[in-house]
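Heads up: the sequence shown begins at 11 in our numbering, then just goes up one per residue.
Below is one structure; the comments refer to it alone.
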Amino acid sequence: MMLNRTMVAWVLALGSFAVGCASKCKTVCDEQQKCSDRIAGLVDGMTCDKLCDDVNGVADASKCDKQRDDYYDCAEKVQDKCDASGRNACDAQASAFSNCWGSYCQAHPSDKDCKKYFSDFGIASGGG
Numbered sequence: 011m012m013l014n015r016t017m018v019a020w021v022l023a024l025g026s027f028a029v030g031c032a033s034k035c036k037t038v039c040d041e042q043q044k045c046s047d048r049i050a051g052l053v054d055g056m057t058c059d060k061l062c063d064d065v066n067g068v069a070d071a072s073k074c075d076k077q078r079d080d081y082y083d084c085a086e087k088v089q090d091k092c093d094a095s096g097r098n099a100c101d102a103q104a105s106a107f108s109n110c111w112g113s114y115c116q117a118h119p120s121d122k123d124c125k126k127y128f129s130d131f132g133i134a135s136g137g138g
């Protein structure tokens, strides 16, 4: 089963702001985990460290480092990571990053980094 773009966008939304360089990712993710509604959306058993490792893996494999960095630079600047308006502040960057690595993983479903990412989120990505 091929991963569709809607699923890619949903998975990225789960890690809202929690993408990019490991230290920025961890900082933003940790801050979001303090929010009352836990907007980082980590699945059971996932930590910010694991999320950031997985996201960096797919970003590196897909050569989407620039999009990841653009997104993360934006996310890091959001002052109140729990504020609803801040959640949408980086939508353009999130979409560019999601489209980049999502297209790669859709074309390379057996890539080890893509498989690990989706497995950790409990999403079947298909492929061999």
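Quick reminder that beta carbons are idealized off the backbone N, C-alpha and C, glycines included.
In this structure, residue 91 sits away from residue 58, with a CB-CB distance that is not shorter than 8 Å.
DSSP, read as helix, strand or coil, puts residue 36 in helix. For residue 103, the uninterrupted alpha helix (DSSP H) run begins and ends at 101-117, by DSSP. The shortest C-alpha to C-alpha distance from residue 110 to any of 37, 56 and 69 is the one to 69. Excluding residues up to 5 positions away in sequence, 64 and 68 lie with their Cβ nearer than 6 Å to the Cβ of residue 127 in the same chain.
Taking the CA atoms as reference points, residue 100 sits about 16 Å from residue 41.
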